[in-house]
Each structure stands twice: as structure tokens, then as C-alpha cells.
Amino acid sequence: LEFHKSKGQHIFKNPLVVQSIVDKAGVKSTDVVLEVGPGTGNLTVKLLERAKKVIAVELDPRMVLELQRRVSGTPHSASLEILHADVMKVDLPYFDVCVANIPYAISSPLTFKLLAHRPAFRAAVIMYQHEFAMRLVAKAGEGLYSRLSVNTQLLSRVTHLIKVGKNNFRPPPKVDSSVVRIEPRKPPPPINLLEWDGLVRVCFGRKNKTLGAIFKQPSVLSALEKTYLLAKALDGGPGARADGTQGLAFLGLEAGPAKGIEAMDTAEDSDASDDESGDEMTDVAAGPGARQ
Numbered sequence: 017l018e019f020h021k022s023k024g025q026h027i028f029k030n031p032l033v034v035q036s037i038v039d040k041a042g043v044k045s046t047d048v049v050l051e052v053g054p055g056t057g058n059l060t061v062k063l064l065e066r067a068k069k070v071i072a073v074e075l076d077p078r079m080v081l082e083l084q085r086r087v088s089g090t091p092h093s094a095s096l097e098i099l100h101a102d103v104m105k106v107d108l109p110y111f112d113v114c115v116a117n118i119p120y121a122i123s124s125p126l127t128f129k130l131l132a133h134r135p136a137f138r139a140a141v142i143m144y145q146h147e148f149a150m151r152l153v154a155k156a157g158e159g160l161y162s163r164l165s166v167n168t169q170l171l172s173r174v175t176h177l178i179k180v181g182k183n184n185f186r187p188p189p190k191v192d193s194s195v196v197r198i199e200p201r202k203p204p205p206p207i208n209l210l211e212w213d214g215l216v217r218v219c220f221g222r223k224n225k226t227l228g229a230i231f232k233q234p235s236v237l238s239a240l241e242k243t244y245l246l247a248k249a250l251d252g253g254p255g256a257r258a259d260g261t262q263g264l265a266f267l268g269l270e271a272g273p274a275k276g277i278e279a280m281d282t283a284e285d286s287d288a289s290d291d292e293s294g295d296e297m298t299d300v301a302a303g304p305g306a307r308q
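For the sequence shown, this note's numbering begins at 17 and goes up steadily by one.
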């Protein structure tokens, strides 16, 4: 089976890392596991040994066929459901735990899509580009602390688990990777998430200024005033709904907090370096039974 580097497919040749990911996911025998980017199934097989069910979302039809071939006739075949789809375009089913090995280019949108999922899952263990992972876990005062850090940590507890060097893959990508554990906060914070993200966007859009200086700028004050007056007119004027959703509908927020979370995805928090924007750490360990 040929892997296309141009599509970000790299052979994961270290089975010890595969086992570590499964262990750190904390999968229980009653769990439904969502796996994003199963590749040829080395991680999938390990998950099937522990979970009640694994739902694997895979876009590459060649990988789908290989995964089907690999589990066919095994005791775990009935426990595997394969969705041949783009994870960013499909409605995700119920799941308890997510394990994902993803293209760098969808790191941010997929993270917030998962955090928007209801009911909330217990934990996600995801492999990211190392620098992106460090942004997720960065604390205030650190150089990588960003809008991405603030929004992700508002909605979840984020823990860096292991760094995976590029030499664990064949052919090796140009950058290292890291595995991160994400646990959604339950219940989610009782705030208007789009309003919050707008505030954070203003703050981090001018990172070299103090907050006092930012909110003294005429352009910022004008924008805040216009937003306030618009919301007041929509939600307090004639015909306003008692629940205040008239203004929310106009602003595209009526769909609820989940849509607000997905909208927190940000382009300026780049998911990848220019050279590696499409890299996908495809789970193909060069161990017994692995296909080359």
C-alpha cells in the first residue's frame, strides 16, 4: 500500500507510541471510541481490544478497504463501524472517547468541532504538530500563549502527554509531533461564547499593547459601541422576543452554544508551518501484521 507524502501520509513505525496512546486514552470496556484518521488500523486494532465499539472516520478509500480487510473475520469485526467521510463535513455520532491522528491543517477546526459536540465526551487524545500542541497548553505569560490557548482552556482541561519525534515516521515529516489529552469542562462555562471570543480577538490582535492601551483606541471603542447598540436595538426594541433570541438570530447565534464554540476556530493561530500544512501522521506502525 503506497502512502502519499504530498497528502501528508507518513508511516508511523513505532508500535510503542501506538500502545502509549491507547493507554493514555483510558478506554473502558463500555466505551464507544471515535477514531479520526485510522489509516490501516494499527491503532484501531488496539482500541478494539478494549472498547465496546470503535467508530473510525476515514477519508481515503484505500485506507477504508485496508481497514476492512484487516478486521474481517476477526472477533472484533462486529465492533467496528467505518465512516468513509470527511470528518469536518459529517455529523459526529455519540462517543465517549476520541482518538485522532489528523492532518495538521484541520487541527484548530476539528478541536473546536469536538468541543462543540453534545453530549460532551469524556476525553480526546489527539496527535498535533508539536508547536500547535504547545499553543494549546501554553499558560499566561508564555510566548506561545494565544487566543487558541485561552479559548481551548476555557472549554477544557488540556494536558501535554508525549512528544513524538519525526524519526518515528517513514518518510519522516519536517516537524515533530505531540500527543495532547483534552477533557471538556462539565458543565461548559455559562457565557456567550461568541462575545467572549470577540473580546479575546481584540486583545490578542494587539499583543504588543497593554489592555489599557487597547481599550483606549478610538477604533476599538467605536466597534464596541456599535456592537452594544446593535444588540440593544435588536433585543430590546419593538417585537423583541422575551428570551432575547431575536438579536441572536440576526447575529447567527440562535443555534446555541455549540455553534458558538465552532466559531471560536481561528486562522491566525496557524495549525501548521507552511511546509507541513497538509501533513497527516497516519497510524501505520511497522510491527507484526503492518502493511507496507
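All C-beta atoms in this analysis are idealised placements derived from N, C-alpha and C, irrespective of residue type, glycine included.
Small disclaimer: the values here were computed from a predicted structure and weren't measured.
Nonlocal neighbours in the same chain, by C-beta distance under 7 Å from residue i, ignoring five residues either side
{"i": "I37", "result": "L59, V115, V141, V195"}
{"i": "D285", "result": "Because the pLDDT at D285 is just 47, under 50, the model does not fix this residue reliably, and the value given afterwards should be weighed accordingly. These residues qualify, in order along the chain: S124, R151, S162, R163, L164."}
{"i": "G268", "result": "Its pLDDT being 42, under 50, G268 is placed unreliably by the model, and nothing is read from it."}
{"i": "D281", "result": "S124, P125, F128"}
C-beta atoms of residue i and residue j nearer than 8 Å
{"i": "S93", "j": "V70", "result": "no"}
{"i": "V206", "j": "L171", "result": "The residue you asked about is not Val; residue 206 is Pro in the sequence shown. No, they are not a contact pair."}
{"i": "P200", "j": "L131", "result": "yes"}
{"i": "V80", "j": "I98", "result": "yes"}
{"i": "S193", "j": "V180", "result": "yes"}
{"i": "R197", "j": "K68", "result": "no"}
{"i": "V191", "j": "I118", "result": "no"}
{"i": "L83", "j": "G57", "result": "yes"}
Residue interval of the alpha helix (DSSP H) (run including residue i)
{"i": "R85", "result": "77-87"}
{"i": "L59", "result": "58-64"}
{"i": "I230", "result": "227-230"}
6 Å CB neighbourhood of residue i in its chain, flanking five on each side removed
{"i": "R257", "result": "With a pLDDT of only 43 at R257, under 50, the local geometry of the prediction cannot be trusted, and no value is derived from it."}
{"i": "G255", "result": "Since pLDDT at G255 reaches only 45, below the 50 mark, its modelled position is unreliable, and no value is offered."}
{"i": "V166", "result": "V216"}
{"i": "V87", "result": "S93, L96"}
{"i": "R66", "result": "V43"}
Proximity winner among the options, relative to residue i (alpha-carbon distances)
{"i": "E74", "options": "V106, L17, T46", "result": "V106"}
{"i": "M104", "options": "F128, T90, I98", "result": "F128"}
{"i": "M311", "options": "L131, H176, E82, Q169", "result": "Residue 311 is absent from the model: the chain starts at 17 and stops at 308."}
{"i": "E211", "options": "K62, V180, S124, A279", "result": "A279"}
{"i": "F7", "options": "R66, T46, F185", "result": "Outside the shown range of the chain (17 to 308) lies residue 7, about which nothing can therefore be said."}
{"i": "P31", "options": "V52, K62, S45, Q169", "result": "K62"}
{"i": "E158", "options": "L108, D102, K223", "result": "K223"}
{"i": "I277", "options": "I122, D102, L64, H133", "result": "H133"}
{"i": "I122", "options": "Q145, L108, S238", "result": "Q145"}
Own chain residues within Cβ distance below 8 Å of residue i, not counting five before or after
{"i": "Y110", "result": "V48, P135"}
{"i": "F137", "result": "L50, F111, D112, V113, C114, L130, P200"}
{"i": "L227", "result": "C219"}
{"i": "S45", "result": "R66, A67, K68"}
Residues bridged to residue i [DSSP beta-bridge criterion]
{"i": "S123", "result": "In DSSP, S123 forms no bridge with anything."}
{"i": "F185", "result": "F28"}
{"i": "C219", "result": "Per DSSP, none; premise fails for C219."}
{"i": "A72", "result": "E51, I98"}
{"i": "P200", "result": "S172"}
{"i": "S193", "result": "Q145, V180"}
Endpoints, the beta strand (DSSP E) within which residue i is located
{"i": "S172", "result": "172-180"}
{"i": "I142", "result": "139-145"}
{"i": "A116", "result": "113-117"}
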